[in-house]
Each structure stands twice: as C-alpha cells, then as structure tokens.
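Trainee: Here you go, one structure.
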Amino acid sequence: MAYTLLRPCYSALHPTAAKLLSLFSFWPSPSPLRSLTTSSRQSPTFQRVTTEVQSSLDSHGEYWWHTSGLLLSALLDEAGYSTTAQHRILTFFGRTIAPSLGPTYIPGAPQWHSFMTDDHHPIELSWDWHTGHKSPTVRFSVEPVGIDAGTPVDPDNRTADASFRTAMTAALPDAHMAWFEHFDRELTPTAPTGSMEGHPSKLFYAFDLSADAITSKAYFFPGFVARATSQSNLQVMSDAIARAPGCCSTTTTTPASLAALHTFHDFARDPLTPPLEMDMLAIDMDPPALSRLKIYFRNRATDFASVRQMMTLGGRIPLSSDMVRGLQNLRRLWDAVFEQSGMPDSHPLGSSTHRTNGLLYNVEFRPGSPDLKVKIYMPARHYARCDDHVLSAIRSFMATQVGANPSPMRGGGGGGDFASVMRRMCHPDALQDRGLHTYIGCSVQKGGDLRVVSYVNGQGPKLLDSVSASGRARV
Numbered sequence: 055m056a057y058t059l060l061r062p063c064y065s066a067l068h069p070t071a072a073k074l075l076s077l078f079s080f081w082p083s084p085s086p087l088r089s090l091t092t093s094s095r096q097s098p099t100f101q102r103v104t105t106e107v108q109s110s111l112d113s114h115g116e117y118w119w120h121t122s123g124l125l126l127s128a129l130l131d132e133a134g135y136s137t138t139a140q141h142r143i144l145t146f147f148g149r150t151i152a153p154s155l156g157p158t159y160i161p162g163a164p165q166w167h168s169f170m171t172d173d174h175h176p177i178e179l180s181w182d183w184h185t186g187h188k189s190p191t192v193r194f195s196v197e198p199v200g201i202d203a204g205t206p207v208d209p210d211n212r213t214a215d216a217s218f219r220t221a222m223t224a225a226l227p228d229a230h231m232a233w234f235e236h237f238d239r240e241l242t243p244t245a246p247t248g249s250m251e252g253h254p255s256k257l258f259y260a261f262d263l264s265a266d267a268i269t270s271k272a273y274f275f276p277g278f279v280a281r282a283t284s285q286s287n288l289q290v291m292s293d294a295i296a297r298a299p300g301c302c303s304t305t306t307t308t309p310a311s312l313a314a315l316h317t318f319h320d321f322a323r324d325p326l327t328p329p330l331e332m333d334m335l336a337i338d339m340d341p342p343a344l345s346r347l348k349i350y351f352r353n354r355a356t357d358f359a360s361v362r363q364m365m366t367l368g369g370r371i372p373l374s375s376d377m378v379r380g381l382q383n384l385r386r387l388w389d390a391v392f393e394q395s396g397m398p399d400s401h402p403l404g405s406s407t408h409r410t411n412g413l414l415y416n417v418e419f420r421p422g423s424p425d426l427k428v429k430i431y432m433p434a435r436h437y438a439r440c441d442d443h444v445l446s447a448i449r450s451f452m453a454t455q456v457g458a459n460p461s462p463m464r465g466g467g468g469g470g471d472f473a474s475v476m477r478r479m480c481h482p483d484a485l486q487d488r489g490l491h492t493y494i495g496c497s498v499q500k501g502g503d504l505r506v507v508s509y510v511n512g513q514g515p516k517l518l519d520s521v522s523a524s525g526r527a528r529v
C-alpha cells in the first residue's frame with residue numbers, strides 16, 4: 055500500500071516542484087542518520103560510512119547513497135562480506151559512484167534516458183548465485199550521468215564520463231587501461247550527439263566486488279561509429295578487436311588468436327540464424343592477456359527452441375553431456391520464472407514492442423583461445439508475472455540444484471538470503487509489480503549446473519525509507 059500511495063506523490067512533483075528540485079538542493083535532516091539509525095535496513099557499516107562520506111555528497115549524491123547505496127549495503131551484508139570488505143566497497147560507492155549518477159530520480163521529470171534500465175535508472179545491481187555451492191557475490195553496473203544531462207543545458211551527457219574516469223582511476227589504481235583506451239578510441243566518438251538504435255548511451259562501467267578487491271569492466275556501444283562509417287555493429291566491433299593490443303598481427307600473437315570471433319561471425323552470417331542485433335562490446339580492465347571479450351546480442355524470438363539455438367551457436371558449441379544437462383536445467387528455470395511448464399519449445403513468451411523485448415545473450419571469448427561461452431539474460435522485466443514470483447522461482451531452483459548437500463556458506467542451499475533482503479528493503483506491494491528484476495542471467499557450467507545471476511534495478515520509489523533518507527525539499 056505504501057508504494058501505491060508514494061507513486062503519485064513522486065509524479066506530482068513534476069512539473070512544478072520538480073523544477074524547483076532541479077534548482078535547489080535538499081535541506082539535510084538535522085541528523086543525517088536520525089530517521090534510519092534504528093532501522094533494521096541499515097547495517098552498522100553503512101551507518102559508519104554514511105558519517106564518513108556525507109560531507110562530500112550534495113543532495114543528489116545523498117539520494118543515490120540512501121537508495122542504491124543502501125540496497126548495495128544490504129546485499130553485501132546478506133552475502134556474507136566481511137566488515138572490512140563492506141567498508142571498502144561502500145566507501146568506493148559513496149565517494150566515487152553516488153556523485154556520478156546524476157540528479158535525484160523523480161518519475162516524470164526530465165532525465166537522461168540511460169539504456170542501463172528500462173526506466174532509465176543509471177545503475178543496476180546484481181547478485182551472483184554462482185551454482186549455489188559457494189558464497190554469492192555482489193556486483194553493479196553504472197552509466198555516469200551529469201546533473202543536467204538530457205536537458206537543453208547538456209542534451210548529450212558530454213562531461214560526466216571524463217570526470218568519472220578521473221575519479222575511478224584514482225580510486226582503483228590497479229585498473230589496467232590499455233584495452234579501455236584502445237576501445238574508447240575505436241568505438242566512442244569524440245562528440246556524439248542524439249540517439250542511436252533507440253537510446254543515447256555510449257559507455258557503461260561495471261564493478262565486480264570480491265572479498266579483497268574491486269575489479270572493473272567497460273561496455274562500449276558501437277552504433278554511433280557504425281552509422282558514421284556505414285558498417286554493421288558487428289563489423290565495427292570486430293575491426294576494433296582485431297586492432298587491439300594482444301590481438302593485432304603486429305604483435306607476437308598470431309591471427310589465429312581470433313578463431314573464436316571468426317566462429318561467432320560464421321554463426322551470425324548463417325542463413326539459418328535469425329537476424330541478431332549486436333548491442334555492445336564488453337572488456338575487463340585487466341592486462342590484455344587476461345581480459346575477456348564479450349559481444350552482447352539480442353534475438354527478438356522468445357521461444358525456447360531459439361534459446362537452444364543461441365546457447366549452442368547453431369551447433370558450433372558441441373552438444374556435450376554437460377550442455378545437454380545444462381539446457382535441461384535452463385528449461386526448468388525458464389518454466390519456473392515464466393510459468394511455461396508443459397508448453398512446447400516453440401511457444402513464445404508473449405509480445406512486446408519495447409526496445410528491450412526479446413532475449414539478450416552474450417558470447418564470451420579470449421584472444422588465443424577458440425573456445426566460446428554463451429550466456430542468456432532472461433528478461434524478467436517483460437515476461438515474469440511479478441518480482442515476488444521471480445524471487446520464489448529462483449530460490450526454489452537454486453535449492454533443487456544444490457540438492458541435499460547445501461553449502462554451509464551464506465547464500466548456499468537455495469539462497470533464501472537474497473529473497474529476504476529484497477522483501478525487507480522493498481515495499482510489499484512493489485514486489486507484486488514488475489521492474490525490480492531486470493534479467494536473470496544463466497550460463498552452463500562444468501557438470502551441467504547453471505550459474506545464475508539476478509540483476510536488479512533498485513528503483514528509489516519502490517524502496518522503503520528512500521524518501522525520508524534523502525532529506526526534505528527546500529521549496
């Protein structure tokens with residue numbers, strides 16, 4: 055009920071109060087921790103970091119800290135991260151990420167149309183279950199957004215990325231920038247304008263959060279360069295890969311190092327392959343010899359027969375016993391999330407005209423290796439009944455996959471912790487809607503188990519305490 059009541063309140067801020075909020079800041083609460091200090095939704099580490107970073111956050115940064123930052127904190131705590139690790143990660147988020155996510159999110163107000171999520175939130179969090187036999191890990195992805203991005207003052211979000219890079223490299227000095235700098239030159243135009251393929255985003259960043267390190271990744275959109283050079287997205291990405299350090303023929307690496315890319319090209323051009331939309335290229339910010347390449351592509355078909363074709367690249371990935379079992383497990387999870395039990399493989403999930411409808415995949419490979427791995431991203435945002443159903447479906451699947459010998463570590467044995475944290479952090483009626491889950495990522499691992507990742511759009515209006523935590527408007 056609370057979410058239902060809050061939603062029109064947020065909408066009512068536009069266009070009157072919303073304009074004022076874009077000009078003035080929020081009054082800070084007399085005590086920034088007062089409204090939430092006793093709340094079970096705040097960990098002691100979150101409270102400690104709040105006192106350490108609050109002086110460096112403006113009202114917009116405070117909003118992102120008390121919404122996405124608070125949800126991140128809860129996920130880290132539930133996943134069993136040590137206090138030291140939580141403090142390091144939350145400090146990075148508070149000092150580097152929260153100030154870079156743009157203005158306070160107000161539904162209906164002018165905003166940058168980030169392609170990160172369907173409602174344009176510039177951040178997505180994820181809970182990596184792995185296969186359920188070890189502790190889960192938490193990650194997040196962001197698009198840096200300027201305060202005036204998407205408005206006449208800064209229609210193309212031109213300044214935020216440069217500022218963010220400076221802050222990120224200062225916070226993560228071990229990030230290896232050789233590939234990043236190469237692909238940035240190749241795929242990011244100097245002064246891009248407008249939208250390409252239905253969105254204006256040019257570059258995303260992602261951060262894997264381990265017990266002892268934060269590692270970074272980058273995601274490049276090739277559409278602007280493809281349009282400017284009258285080439286396909288795949289050709290633009292492939293040419294950039296061929297010229298990358300460690301891949302080009304001028305190095306000691308031979309052209310055979312791109313055998314995996316050539317295999318994917320063969321699949322994409324096969325007359326039996328349906329039209330594929332090449333969305334983006336991802337890299338690790340590691341030394342080239344250690345970094346992975348991932349090409350993300352979308353197939354508008356939503357039947358499970360098409361899933362089988364994509365996961366094996368039309369038979370180019372051998373149908374081993376592990377793959378057979380993995381596809382069986384994937385069909386079982388598909389049936390649970392989308393309630394498709396008993397439906398034939400040819401049955402589509404449904405129709406949608408949204409830019410992100412259909413099924414998203416990535417193909418992963420490394421220079422020098424012919425091996426390819428495919429990951430599917432099941433769009434719970436479009437085709438699942440509601441977020442609460444997705445929580446229950448994933449929990450049940452993971453419990454079955456782990457079997458009778460669940461891991462003794464937190465998050466094992468079905469991962470009830472993830473469901474509990476989402477139910478604790480979100481308005482109950484918001485969970486009866488869709489939109490918190492964006493995708494459920496799945497890849498087949500050794501033995502046929504699925505590695506499962508829940509991707510979450512931490513929408514501020516759906517989170518408990520997000521309004522009181524962000525302060526009072528100065529009007």
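The numbers in our numbering rise by one with no breaks, and the one at position 381 of the sequence shown is 435. Don't be surprised by glycine CBs; every beta carbon is placed ideally from N, CA and C. Model, not experiment: these values are computed from the prediction.
For A229 and T223, I'd like the C-alpha separation in whole angstroms.
Mentor: Approximately 7 Å, taken between the alpha carbons.
Trainee: If I follow the unbroken beta strand (DSSP E) through H491, where does it start and stop?
Mentor: That run of the beta strand (DSSP E) goes H491 to V498.
Trainee: Tell me which residue opens and which closes the beta strand (DSSP E) that H236 is part of.
Mentor: First-last for H236: A232 to L241, but that is the alpha helix (DSSP H), not the beta strand (DSSP E).
Trainee: On the criterion of 16 or more Cβ atoms from any shown chain inside 10 Å, does E197 qualify as buried, or is it exposed?
Mentor: It is buried - the Cβ of E197 has at least 16 other Cβ atoms within 10 Å.
Trainee: Taking only three categories from DSSP, how would you classify R505?
Mentor: The answer is strand: DSSP assigns R505 an E or B state.
Trainee: Give, in chain order, every unbroken run of the alpha helix (DSSP H) that is at least 4 residues long and sits entirely within the stretch 392 to 441.
Mentor: For the stretch 392 to 441, whole alpha helix (DSSP H) runs of length 4 or above, ordered along the chain, are 434 to 437.
Trainee: Using CA coordinates, which residue listed in Y493, E240, A314 and T269 is at the minimum distance from G512?
Mentor: With distances taken between Cα atoms, G512 lies closest to Y493.
Trainee: Which residue from S284, F278 and L312 puts its Cα closest to that of S292?
Mentor: It is L312.
Trainee: Kindly indicate which three-state DSSP category Y117 falls into: helix, strand or coil?
Mentor: Helix.
Trainee: Considering only residues of the same chain and omitting the five flanking positions on each side of T317, which have a CB-CB separation below 8 Å?
Mentor: Here the set comprises L367, R370, P424 and L426.
Trainee: Using the C-alpha atoms, what's the distance from P227 back to A267?
Mentor: Distance between the alpha carbons of A267 and P227 is about 11 Å.
Trainee: Please classify E178: is it buried, with 16 or more other beta-carbons within 10 angstroms of its beta-carbon, or exposed?
Mentor: Buried, because 16 or more other Cβ atoms sit within 10 Å of the Cβ of E178.
Trainee: The beta strand (DSSP E) with R352 in it runs from where to where?
Mentor: From DSSP, the beta strand (DSSP E) with R352 extends over L347 to N353.
Trainee: Suppose the cutoff is 7 Å on Cβ atoms and the five residues either side in sequence are ignored; what does the same chain contact list for F500 look like?
Mentor: Looking at the sequence shown, residue 500 is not Phe but Lys. These residues qualify, in order along the chain: D376.
Trainee: On the premise that S180 lies in contact with V507, defined as a C-beta separation below 8 Å, what is that separation, rounded to the nearest angstrom?
Mentor: Indeed, because the Cβ distance is near 5 Å, the residues count as touching under 8 Å.
Trainee: Verify whether the separation of the beta carbon atoms of C440 and R385 is less than 8 Å.
Mentor: Not a contact, by the Cβ cut-off of 8 Å.
Trainee: Would you mind reading off the limits of the alpha helix (DSSP H) that contains A267?
Mentor: Segment: none, A267 is in no alpha helix (DSSP H) and carries neither H nor E.
Trainee: For F146 and A225, which I take to be in contact (beta-carbon distance under 8 Å), what is that distance rounded to the nearest angstrom?
Mentor: With 8 Å as the limit, F146 and A225 qualify as a contact, their Cβ atoms being about 6 Å apart.
Trainee: Helix, strand or coil, according to DSSP, for H253 in the structure here?
Mentor: In this structure, H253 counts as strand in the three-state DSSP scheme.
Trainee: Assuming H408 contacts D172 (C-beta within less than 8 Å), just tell me the rounded distance between them.
Mentor: That belief holds up - the Cβ atoms of H408 and D172 are roughly 7 Å apart, short of 8 Å.
Trainee: If you measure between the beta carbons of F261 and S270, is that distance less than 8 Å?
Mentor: Going by C-beta atoms, F261 is nearer than 8 Å to S270.
Trainee: Using only the alpha-carbon positions, how far apart do Y57 and D208 sit?
Mentor: The pLDDT assigned to Y57 is 46, lower than 50, so where the model puts this residue is not dependable, and the model offers no usable value.
Trainee: Tell me which residues share the same chain as W118 and place their Cβ nearer than 6 Å to its Cβ, disregarding the 5 neighbours each side in the sequence.
Mentor: Here the set comprises A152 and L155.
Trainee: Taking C-alpha atoms, which residue in T454, K516, Q486 and C480 lies nearest to H187?
Mentor: Nearest of T454, K516, Q486 and C480 to H187, Cα basis: T454.
Trainee: Is the beta carbon of I430 less than 8 Å from the beta carbon of V361?
Mentor: Yes, the pair counts as a contact, with Cβ atoms nearer than the cut-off.
Trainee: Which residue from A272, L517, M476 and R354 puts its Cα closest to that of G412?
Mentor: Looking at the Cα atoms, R354 is the closest of the given residues.
Trainee: Do L288 and Y273 come within 8 Å of each other at the CB atom, strictly closer than that value?
Mentor: Going by C-beta atoms, Y273 is not nearer than 8 Å to L288.
Trainee: Does D399 pass the burial test, meaning 16 or more other C-beta atoms within 10 Å, or should it be called exposed?
Mentor: It counts as exposed.
Trainee: For R323, is the classification buried or exposed, using 16 other Cβ atoms within 10 angstroms of its Cβ as the cut-off for buried?
Mentor: Exposed, by the Cβ-count rule.
Trainee: In terms of residue numbering, what span does the beta strand (DSSP E) encompassing I295 cover?
Mentor: Per DSSP, I295 belongs to no beta strand (DSSP E); it is in the alpha helix (DSSP H), N287 to A296.
Trainee: Can you grab the Cα-Cα spacing for the pair I143 / T150, in whole Å?
Mentor: Distance between the alpha carbons of I143 and T150 is about 10 Å.
Trainee: For my contact list, D503 and T121 are in at a C-beta cut-off of 8 Å; report their separation, rounded to the angstrom.
Mentor: Between T121 and D503 the Cβ distance is about 34 Å, and since that is not below 8 Å, they are no contact.
Trainee: With respect to the beta strand (DSSP E) encompassing M332, which residues constitute its N-terminal and C-terminal limits?
Mentor: E331 to D338 is the span of the beta strand (DSSP E), which, as asked, contains M332.
Trainee: Kindly indicate the opening and closing residues of the beta strand (DSSP E) around E132.
Mentor: Unbroken run through E132 is the alpha helix (DSSP H), L124 to E132; no beta strand (DSSP E).
Trainee: Let's see if you can read the secondary structure: which residues bound the alpha helix (DSSP H) around F218?
Mentor: From DSSP, the alpha helix (DSSP H) with F218 extends over A214 to A225.
Trainee: Straight-line CA distance for E331 to P190?
Mentor: Their Cα atoms are separated by approximately 31 Å.
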